[in-house]
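Residue numbers (the working numbering), protein chains in the order written: chain A, -18 to 442; chain B, -18 to 442. All C-beta atoms, glycine included, are put in the ideal place defined by N, C-alpha and C. What follows is a set of notes on a single structure, which appears directly below.
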């Protein structure tokens, strides 16, 4: 049983962070009752109080109170998550990291940026670019905050070459469930000192502690890049090209597949035309390299490989402005579908199984009479299927959703590639991976015995 | 208290794996009483029995007996470790994976190799090369086995560009302390389904379960590579070049620093001459790229950068045979020092701190009158200092060793970059990181409540 948030505790919180950084007003707390997941009306939940600390020490003080009083505490970044991970389903305290928004250091010798949890990714991009450096991970919504992208192990389209957040976190500062502040990792490239607590916190969705600071790995920006749009007569052909591309020794920054049925709604929304010929499916490939010349050579090589593997044609997009236009177009798919969408799914399968997976969703789409437009990361097998709000969707939603996930699992996949388990996939995790859930529960109990840290996410205790 | 290994249990083990795969003979068990760590006489310990299962099911049966009888069980690969991780300090069962030596599948579409735990790295290299593929991680001793390099999160010289083992493990099969067989991960590139059990087992040194199979990520081999040997008047100058090199946007495969004092003993041992001019310090740089021409361009660019940053000269080694000769020379440093060496240390510091660290070890070398030749991975800050058996070393060893580790910690470093904690660094981990050790202990207790899995390694319970 959790403790109750009394007026005395609210006063105590105000003394820590200042009166204006504590709110119990329902109106002001609305923003903190949900994340970006569609259907949020169904899963939104109000906290009892929202607290906005300005420093790690303040976070620690707040957690000590939650620990003492056994009050649930749900950390929150920008709220851009897609699985309900920051919804305070047991009420209690929402601890928003929005005020901890300082970039502390850009270390040009060790290629790291140290930032507080509330810094937005777009701010990181901008700050490091000014120093001639580059932060590769690029999740869909760059207004996401550092703490959030660390604890959800965010991915994005550039994971093919550069990897996901996990590969770019060198160190964290974390406030443990008893309020103790711990630094894990640092500016180190290699660290083998026992169990990787760093990797345990990455992807823990705030259930083991509150990440207050991150030390992220930077790189030099690739001198040259180039985009290819490659149309195919079928998705199957497009997917078949992927291993052939990777076998050339070129690892693209991103290697996305697009089915034509997302192009129409996007054109409508953006009032812009898809700039190349229309076909059933496309690969959108971005490559980078050390020189302009080399990147053109790579472009020619990949064009050849794609044509050999059934592409209709290949269009080189070599001007920066045209590339950006296309990236914007790609970025808008989700927005274009969102209006009429019940949920964006996040299944990840072995890359060779993408076509089989998408064909399976087409059968399900016919069976249920619900459209399921799909796009995703062909290079890494992370496929975003959208369940649309077609007629009668409410009655079919649960059964259809489950069948799609079962399809992914049957192909050697996982229920989430980059959005996390949160609240909305907790049931599947338990159903498909009962023994792993047991191990995760034992870890959660060991590290947060009172179950106050973002309770009810990933696993139930 | 642990249970006793009775003759009845030995018979039971024989029924599982066959009589010839169980031994209790002291002579035959000698090989299983230590690893490669120098000073092994001090830390070697005999098991009560060595068992060699031929399949995961047999491993599971053996672990079930250990679980039932509360007998310690120490998994063992090739025994090439350098921190005593596979020494059965509480006796009991050594479970050697040497018979589980099959490469199960090379998947050319998903770029993975699936191998049993007892396959040697050199066998992986050879098998994937035949398929035109490439496995980048390259720890010093390629006779190491797949299971061992996974559970120690092995590193090696190629980590600068490609990362350590952790970055190349897609999935594992593991036998848990209760004997249950679990598959974690798979051929997936992205997986966010809860706490990363995969990353918890990677680097767990056999203390949480026995890894019986690994699914490892492969790549296409880089079409062209080139080596540079760059002499400097001081190590400080050499280290100063490193961020300048990385800022060009080129990430070398490997970027090693060498001090001249390891060259002499290596020349003596190999009867070969160091092929370029002698100087105080060197960088050995290997780069790869998509074409012969591009790799030459990169070589010229890096030469320029090194000269600008104080290099005396730069020698391009562009023939394959000469490159191999030099790599062999580099590989032999450890062997050359080994004869007269007490221990190879494995401290990892932020890359910018390497020079400061090495200068610190020079002061300690003078203070103690013990030579401390050093080489290491300049690109990733993992520095191998060797404590030599100079006169009177026995009395000075403990104090000197501790001061070196304190130096590393004071520079933001960690006690082990790639060799693991095992037995020989357990005391330092507890001393330098008491709170983390508490968290690790709570995880160990949660996952192995009877403490039968490789007890006494990483942390004590």
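Measure the C-alpha to C-alpha separation of residue i and residue j and round it to an integer number of angstroms.
i: residue 203(A); j: residue 102(A); result: 19 Å
i: residue 280(B); j: residue 209(B); result: 7 Å
i: residue 458(A); j: residue 117(B); result: Limits of chain A in this structure are -18 at one end and 442 at the other, which puts residue 458(A) out of reach.
i: residue 214(B); j: residue 257(B); result: 14 Å
i: residue 199(B); j: residue 376(B); result: 47 Å
i: residue 396(B); j: residue 409(B); result: 7 Å
i: residue 67(B); j: residue 131(B); result: 14 Å
i: residue 413(B); j: residue 63(B); result: 20 Å
i: residue 58(A); j: residue 176(B); result: 19 Å
i: residue 50(B); j: residue 433(B); result: 10 Å
i: residue 402(A); j: residue 174(B); result: 6 Å
i: residue 196(B); j: residue 40(B); result: 18 Å
i: residue 419(A); j: residue 425(A); result: 10 Å
Give a yes or no on whether the C-beta atoms belonging to residue i and residue j are separated by under 8 Å.
i: residue 240(A); j: residue 332(A); result: no
i: residue 351(B); j: residue 371(B); result: yes
i: residue 191(A); j: residue 283(A); result: no
i: residue 407(B); j: residue 385(B); result: no
i: residue 237(A); j: residue 301(A); result: no
i: residue 146(A); j: residue 135(A); result: yes
i: residue 162(B); j: residue 182(B); result: no
i: residue 171(B); j: residue 167(A); result: no
i: residue 16(A); j: residue 60(A); result: yes
i: residue 33(A); j: residue 2(A); result: yes
i: residue 43(A); j: residue -3(A); result: yes
i: residue 318(A); j: residue 364(A); result: no
i: residue 80(B); j: residue 35(B); result: yes
i: residue 52(B); j: residue 142(B); result: no
Quick one: give me the first and last residue of the alpha helix (DSSP H) that residue i is part of.
i: residue 299(A); result: Where residue 299(A) is concerned, there is no enclosing alpha helix (DSSP H), given that its DSSP letter is neither H nor E.
i: residue 206(A); result: Here residue 206(A) belongs to no alpha helix (DSSP H); instead the beta strand (DSSP E) covers 205 to 213.
i: residue 111(B); result: 102 to 111
i: residue 129(B); result: 127 to 132
i: residue 8(B); result: 7 to 10
i: residue 222(A); result: 216 to 228
i: residue 251(B); result: 244 to 251
i: residue 154(A); result: Not the alpha helix (DSSP H): residue 154(A) falls in the beta strand (DSSP E), residues 150 to 156.
i: residue 180(A); result: 178 to 182
i: residue 284(B); result: 273 to 289
i: residue 427(A); result: 415 to 428
i: residue 140(A); result: 140 to 143
Beta strand (DSSP E) containing residue i: first to last residue?
i: residue 369(A); result: 363 to 369
i: residue 197(A); result: 191 to 198
i: residue 345(A); result: First-last for residue 345(A): 335 to 349, but that is the alpha helix (DSSP H), not the beta strand (DSSP E).
By the criterion of Cβ-Cβ separation under 8 Å, what are the contact partners of residue i in chain B?
i: residue 426(A); result: 427
i: residue 247(A); result: Near residue 247(A) there are no residues of chain B at all, since even the closest Cβ is about 24 Å away, more than 8 Å.
i: residue 363(A); result: 170 and 171
i: residue 402(A); result: 173, 174 and 175
i: residue 134(A); result: 173 and 177
Can you name the residues of chain B whose CB is closer than 7 Å to the CB of residue i?
i: residue 203(A); result: 230
i: residue 285(A); result: Going along chain B, no residue has its Cβ under 7 Å from residue 285(A), so there is no contact; the nearest lies around 14 Å.
i: residue 416(A); result: 161 and 163
What does residue i pair with, by DSSP beta-bridge criteria?
i: residue 238(A); result: 264(A) and 357(A)
i: residue 408(B); result: Residue 408(B) pairs with nothing; no bridge assigned.
i: residue 395(B); result: 329(B)
i: residue 115(B); result: 200(B)
i: residue 47(A); result: In DSSP, residue 47(A) forms no bridge with anything.
i: residue 57(B); result: 77(B)
i: residue 270(A); result: 205(A)
Kindly list, in the order they appear in chain D, the residues whose Cβ is closer than 8 Å to that of residue i.
i: residue 279(B); result: The chain inventory of the structure shown lacks chain D, comprising the protein chains A and B.
Along chain B, in chain order, which residues have C-beta atoms closer than 9 Å to that of residue i?
i: residue 92(A); result: 224, 227, 228 and 332
i: residue 41(A); result: Neighbours of residue 41(A) on chain B: none; closest Cβ ~13 Å, over 9 Å.
Starting from residue i, find everything on chain A with Cβ-Cβ shorter than 8 Å and list it in chain order.
i: residue 393(B); result: 167, 168 and 169
i: residue 148(B); result: 144 and 148
i: residue 439(B); result: 175 and 176
How would you list, in chain order, the residues of chain A whose beta-carbon sits under 9 Å from the beta-carbon of residue i?
i: residue 342(B); result: Ordered by position in chain A, no residue passes the 9 Å Cβ test against residue 342(B), which lies about 18 Å from the chain.
Note down, in chain order, every chain A residue with its Cβ under 7 Å from the Cβ of residue i.
i: residue 397(B); result: 173 and 174
i: residue 63(B); result: Per Cβ cutoff of 7 Å: no residues; residue 63(B) is ~11 Å from chain A at best.
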